[in-house]
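Okay, so here's the structure we're looking at.
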Amino acid sequence: MNLYMVNITAELNDQKRKVDFNSYDMSVKELISMVNDNIIDIAPEYQRQFRWDDSRQSALIESIFLGIPVPSLFMATNNDGTWEVIDGVQRLSSIINFAADAISAARAKINRDIPLTLCELKKLESFNGLRFPDLPRSLQIDFLLKPIKITTLSDKSDKSVRFDLFERLNTGGIKLSDQEIRSCIYRGRFNDFIKALSENPSFNSVIKLSKSSENDGTKEELILRFFAYLNGRDKFEHSVVGFLNDYMESASRNFDYNNNERIFCRTFEELARLDHGIVKTRTRSVTSIILFEAVSVGAAEAIKEQDQINLDGFYQWVMNRDFNNLITGATNTKNRVNSRIEYCKNKFLEENV
Numbered sequence: 435m436n437l438y439m440v441n442i443t444a445e446l447n448d449q450k451r452k453v454d455f456n457s458y459d460m461s462v463k464e465l466i467s468m469v470n471d472n473i474i475d476i477a478p479e480y481q482r483q484f485r486w487d488d489s490r491q492s493a494l495i496e497s498i499f500l501g502i503p504v505p506s507l508f509m510a511t512n513n514d515g516t517w518e519v520i521d522g523v524q525r526l527s528s529i530i531n532f533a534a535d536a537i538s539a540a541r542a543k544i545n546r547d548i549p550l551t552l553c554e555l556k557k558l559e560s561f562n563g564l565r566f567p568d569l570p571r572s573l574q575i576d577f578l579l580k581p582i583k584i585t586t587l588s589d590k591s592d593k594s595v596r597f598d599l600f601e602r603l604n605t606g607g608i609k610l611s612d613q614e615i616r617s618c619i620y621r622g623r624f625n626d627f628i629k630a631l632s633e634n635p636s637f638n639s640v641i642k643l644s645k646s647s648e649n650d651g652t653k654e655e656l657i658l659r660f661f662a663y664l665n666g667r668d669k670f671e672h673s674v675v676g677f678l679n680d681y682m683e684s685a686s687r688n689f690d691y692n693n694n695e696r697i698f699c700r701t702f703e704e705l706a707r708l709d710h711g712i713v714k715t716r717t718r719s720v721t722s723i724i725l726f727e728a729v730s731v732g733a734a735e736a737i738k739e740q741d742q743i744n745l746d747g748f749y750q751w752v753m754n755r756d757f758n759n760l761i762t763g764a765t766n767t768k769n770r771v772n773s774r775i776e777y778c779k780n781k782f783l784e785e786n787v
């Protein structure tokens, strides 16, 4: 075997060692019970993503009754032994919506008070208009004992592998953003911290988001980028996703909450004095991520040197050719990142003439 073949085989084996799976066949009743008892966790980021309409839910229930194989549910094992959903929240939520008790913890977790009424079934037409309690007891038991395939990623797998699998497998009806995936994986104090900061009035006054970006984790990702580039950009190479993942994992273990909250609040108090927020021109309705990074981190670094920053001429210098060269084209290089942040910092530190 030549050196090239040895290398690619070694690479494959190395990556495979990072992934450890287990497979199960579990009954519908067991699944509902595990959600009810908090053994299977449908994270808040997923709860609000239950969007299947009654027709699509009904089609899944019909398939289960008929014994037609449905795709496996993918779970990840947490350190405490509980499971969290990676892929299959629509299917699992539909099963709960149909068969869980009207008053149960499982039903509360999918935010559905009224159980599913079957509709638009093509094969089991006599089931249309019925809810689970309306079925004969024998059919209720038959459904509850139907097997569902479960594949679990064990806690031996590292967080980067878990993120990758969320990204690959989360292809259902509503695809989560990278930050929503991070919010599922890196849950804890730091995740709660950036969510709380996303409600900061000064921060919200300077960022301009599209309607679709207001509730998809974009705010939290902007705040993550602020802290990552402010505190850890020496570790940035080229992959922004990998850099942000690594920083969030690191911050989940070790983070100076008091000082970082203080610099965040002070930075956006100052930037809130801008007439139109962090945009290049008053006619721009959306804040560019690259512009946000450069301006916010540059402002924070300037504030560390002097408490108040100079905002005069902001909308002129963000249109400057030199600055635009730093935020267009191949933007994700270490030199470009450092240069545009330094450019903004120096502009904020300029004395008024």
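The sequence shown lines up with residues 435 to 787 when you count with the working numbering.
Quick reminder that beta carbons are idealized off the backbone N, C-alpha and C, glycines included.
- prompt: For residue 622, is the classification buried or exposed, using 16 other Cβ atoms within 10 angstroms of its Cβ as the cut-off for buried?
  reply: exposed
Other residues of its chain near residue 778: CB distance less than 6 angstroms, five sequence neighbours each side excluded: 728, 729 and 732
query: Can you pull the DSSP bridge partners for residue 587?
result: 455 and 510
task: Alpha carbon to alpha carbon, how far is residue 758 from residue 518? Give it in angstroms, no decimals.
output: 43 angstroms
Proximity below 8 angstroms, CB of residue 624 to CB of residue 685: yes
Sub-8 angstroms separation of residue 658 and residue 643 beta-carbons: no
query: Under three-state DSSP, which class holds residue 756?
result: helix
task: Taking only the alpha-carbon atoms, compute the straight-line gap between residue 745 and residue 650 and give it to the nearest angstrom.
output: 30 angstroms
query: Among 585, 774, 577 and 588, which one has its Cα closest to the Cα of residue 751?
result: 774
- request: Take residue 539 as the anchor and find which of 484, 553, 747 and 474 has the nearest alpha-carbon.
  value: 474
- prompt: Apart from the five residues on each side of it in sequence, which residues of its chain come closer than 8 angstroms, Cβ to Cβ, to residue 489?
  reply: 553 and 554
query: On the premise that residue 701 lies in contact with residue 713, defined as a C-beta separation below 8 angstroms, what is that separation, rounded to the nearest angstrom?
result: 17 angstroms between Cβ atoms; not a contact.
message: So, with DSSP's three-state summary, where would you put residue 751?
response: helix
message: Helix, strand or coil, according to DSSP, for residue 713 in the structure here?
response: coil
Given 8 angstroms, three or more beta-carbon pairs between the region 502-513 and the region 580-589: yes
8 angstroms Cβ cutoff met for residue 498 and residue 577: yes
message: Going by DSSP in three states, residue 518 sits in which element: helix, strand or coil?
response: strand
- request: Tell me whether residue 474 sits in a helix, a strand or coil according to DSSP, three-state version.
  value: strand
query: To the nearest angstrom, how far is it from the Cα of residue 710 to the Cα of residue 719?
result: 9 angstroms
message: Quick check on this structure: which residue in 620, 660, 531 and 557 has the alpha carbon closest to the alpha carbon of residue 723?
response: 660
- prompt: Which term fits residue 455, buried or exposed, when burial requires 16 or more other beta carbons within 10 angstroms of its beta carbon?
  reply: exposed
- request: Name the residue from 464, 469, 703 and 527 whose alpha carbon lies nearest to the alpha carbon of residue 742.
  value: 703
query: What span of residues does the alpha helix (DSSP H) with residue 620 cover, start to end?
result: Per DSSP, residue 620 belongs to no alpha helix (DSSP H) and is neither H nor E.
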